[in-house]
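These notes are about the structure you will find just below.
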Amino acid sequence: AIMGYSNLELPKLTKTDWRSLIEWVSLDRNYDGRTFNVYLSDIPKDIKQYVSGRYTIPNVPGGAVIALKVIDILGHETLWVK
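With this note's numbering, letter number 25 in the sequence shown gets 47, and the count goes up by one each step, no holes.
In C-alpha cells form, the structure reads like this:
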C-alpha cells in the first residue's frame, strides 16, 4: 500500500519497484529554505528506466541543509528537507 496518496488510480499503476512511480529526482546540497539550487538531477532517459534511488553527495558543507525534490508520475511534487 502507498501511504499519503488519495488518488485511487495509483495502486493500479504501482509495479514491484517503487522507483516506477518516480518521474524525476533533484537534490540541493545546501538548501537555504527559499531557493532550490539543483546539485544533482536524476531523470531517466527512457520510459522503461527508473531513477537510481541512491545518491552520494560529496563535500557537503558543515551545517548544510540537504533538500530532495521528487516528482511522481502523476505530477505531484514532494520536497524533503534534512
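Glycine included, every Cβ here is placed at the ideal spot set by N, Cα and C.
Do residue 62 and residue 49 come within 7 Å of each other at the CB atom, strictly closer than that value? yes
Grouping DSSP H, G and I as helix and E and B as strand, with all else coil, what is residue 42? Note: residue 42 maps to helix in three-state DSSP.
Enumerate, from N- to C-terminal direction, the unbroken beta strand (DSSP E) stretches of 3 or more residues contained entirely within the region 34-103. 44-50, 62-64, 89-94, 99-103
How close, in whole Å, do the beta carbons of residue 47 and residue 64 come, if the pair is a contact with beta carbons under 8 Å? That belief holds up - the Cβ atoms of residue 47 and residue 64 are roughly 4 Å apart, short of 8 Å.
Could you say which of 56, 70, 82, 90 lies nearest to residue 76 if we only look at CA atoms? Here the closest residue by C-alpha is 90.
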